[in-house]
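Residue numbers (the working numbering): 1180 to 1500.
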């Protein structure tokens, strides 16, 4: 759902107010991105699209990405989503020429626009693949932390130089990065702010596969992975497993109870086809959709924080000391 309050306005409609299943991705007036859907495979592809600016990130791009991934989540035609960049670069970071907006209303209701994008990607229950076809810096790096798979070319340069710009972490990266690479390597990446090779030891754990020689190799591998996920795996099962990892239980005992119920719920839908296809030595033909999750006793098992109604607290008065 788009956030339409002053200071963080999205130009896109609320996903709840449109028919996602008949939405035409090709003709919609996207801003700073391109979106396509291959209806025969269920693979949606998003290109960051500011090639003249090396795909530098903008507010318009942020809200377009938010809208796209919110659509992917509820559109039953979409099985997998790919995120990549137009041209030779993935994303060089935020477009600093746009500056910072300054107003009392914006300061109070400000939302990190990297987080707007990252949360939409994280909340998309379909598998998401980042095909990093070139240099990824700043938000170009932090946005891909929210993806389930990250493939990269060794020709890219990668880094998160926030400390060199005097800014704090964004795009939920303070939550995601240490969970993906560990605290020690996250501190190395963030505190130095260095731009490095994808094969650098601190960045190596981010990549689903070892870095590929060229951008074409990345895109080829991404398409093969997307096709595998879209045609061989259960949408319901992938969604549940993804949620079990990111919406973790509080303890091993809680995890056991959660998994027991989830296992039983799956047995009432796609699991029968999965078992039958195994014994019949054929490819499965899963028919379950994410609408089936709403009937699962286990779903949802977490309480989601309200980021729509949050208002930043006023700063304390200056100290007299």
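Ideal Cβ positions, reconstructed from N, Cα and C, are used throughout, including at glycine.
* Spatial neighbours of residue 1257 in its chain, beta-carbon cut-off 7 Å, leaving aside the 5 residues before and after -> The residues are 1216, 1221, 1223, 1251 and 1305.
* Report the option in 1326, 1436, 1373 and 1297 whose CA atom is closest to the CA atom of residue 1477. => Considering only 1326, 1436, 1373 and 1297, the residue with the shortest C-alpha distance to residue 1477 is 1436.
* Spatial distance of residue 1201 from residue 1255 (CA atoms) -> Taken atom to atom, the span from the alpha-carbon of residue 1201 to that of residue 1255 is near 10 Å.
* **the stretch 1395-1410 in contact with the stretch 1371-1380 per 3-pair CB rule at 8 Å** => The stretch 1371-1380 and the stretch 1395-1410 do not touch, with fewer than three beta-carbon pairs separated by less than 8 Å.
* Just the Cα atoms here: how many angstroms apart are residue 1296 and residue 1323? -> If I take the Cα positions, the gap works out to 10 Å.
* Asked: Any idea if residue 1332 is buried or exposed, counting beta-carbon neighbours within 10 angstroms, 16 or more meaning buried?
  -> By the 10 Å Cβ count, residue 1332 comes out buried.
* Give the secondary structure of residue 1453 by DSSP, where H, G and I count as helix, E and B as strand, and everything else as coil. => Helix.
* To do: Over the uninterrupted alpha helix (DSSP H) stretch that includes residue 1396, give me the two end residues.
  => Its alpha helix (DSSP H) spans residues 1394-1411.
* Contact between the stretch 1359-1369 and the stretch 1420-1432 (3+ Cβ pairs under 8 Å) -> Proximity of the stretch 1359-1369 to the stretch 1420-1432 falls short of the contact definition, fewer than three beta-carbon pairs being nearer than 8 Å.
* Below 8 Å between beta carbons: does that hold for residue 1233 and residue 1271? -> With contacts defined as CB atoms closer than 8 Å, residue 1233 and residue 1271 qualify as a contacting pair.
* Which of helix, strand or coil does DSSP assign to residue 1385? -> If DSSP states are grouped into helix, strand and coil, residue 1385 belongs with coil.
* Asked: With respect to the alpha helix (DSSP H) encompassing residue 1353, which residues constitute its N-terminal and C-terminal limits?
  -> Unbroken alpha helix (DSSP H) run through residue 1353: 1352-1360.
* Asked: Taking DSSP as the reference, what is the three-state secondary structure of residue 1337?
  -> Residue 1337 falls in the strand class under three-state DSSP.
* To the nearest angstrom, how far is it from the Cα of residue 1456 to the Cα of residue 1464? -> Those two C-alpha atoms are separated by around 8 Å.
* **Beta-carbon contacts of residue 1388 that lie in its chain and below 8 Å, excluding the five residues immediately before and after** => Same-chain partners within the cutoff: 1330 and 1400.
* Report the residue from 1309, 1273 and 1307 whose alpha carbon sits nearest the alpha carbon of residue 1292. => Residue 1273 is the option with its Cα nearest to residue 1292.
* From the DSSP output, in three-state form, read off residue 1192 for me. => Note: residue 1192 maps to coil in three-state DSSP.
* **Exposed unless 16 or more other CB atoms sit within 10 angstroms - verdict on residue 1245** => Label assigned to residue 1245: buried.
* Assess, as a yes-or-no matter, whether the stretch 1464-1474 is touched by the stretch 1443-1454 under the definition of 3 or more beta carbon pairs within less than 8 Å. => Enough Cβ pairs lie closer than 8 Å, so yes.
* Asked: Considering residue 1215, what are the terminal residues of the beta strand (DSSP E) in which it resides?
  -> It spans 1212-1217 - the beta strand (DSSP E) in which residue 1215 sits, taken as one unbroken run.
* **Backbone CA spacing between residue 1242 and residue 1460 [nearest angstrom]** => Each residue's CA atom was taken as its position, placing residue 1242 and residue 1460 some 45 Å apart.
* For residue 1452, which residues of its own chain have a beta-carbon under 6 Å away from its beta-carbon, when the five flanking residues on both sides are left out? -> So the qualifying residues of the chain are 1463 and 1465.
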